[in-house]
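J.: Here the working numbering runs 69 ahead of the position in the sequence shown, where the first position is 1. If you scroll down you'll find the structure; I have some questions about it.
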Amino acid sequence: MWDLEDAFAAAIDKKYYTLADRIWKLDIDAISEKEVHVLLRLACQDGSTNAIKYLYLIRQILEERQMDEYYM
């Protein structure tokens with residue numbers, strides 16, 4: 070089984086944003102609101118940089134999807 074969380078974090082840390090985006094898109098449709106809240110808690114309480122990066126990428130991808138839908 071692939072460890073996508075660590076692969077995603079490593080891609081972000083190395084600034085391989087295209088790779089991080091591809092890893093994220095493998096499972097973006099499966100993310101739940103509860104998982105987003107967990108990431109928010111980690112980012113706020115624990116200062117988890119991976120959680121912050123993950124939330125940022127979520128926002129970027131969702132904004133891109135909205136733009137794609139707007140122009141279609």
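No residue lacks a Cβ here, since even glycine has one placed at the ideal position from N, Cα and C. Source: prediction; values computed, not measured.
(1) Can you give me the C-alpha to C-alpha distance between THR120 and ALA79, rounded to a whole angstrom?
(2) Measure the Cβ-Cβ separation of LYS122 and ILE81 and say whether it is below 8 Å.
(3) So is LEU126 buried or exposed if we call it buried at 16+ other beta carbons inside 10 Å?
(4) CA-CA distance, GLU132 and GLU138?
T.: Let's see:
(1) In the sequence as displayed, the identity of residue 120 is Ala instead of Thr. Rounded to whole angstroms, ALA120 to ALA79 spans 13 Å at the Cα level.
(2) yes
(3) buried
(4) 10 Å
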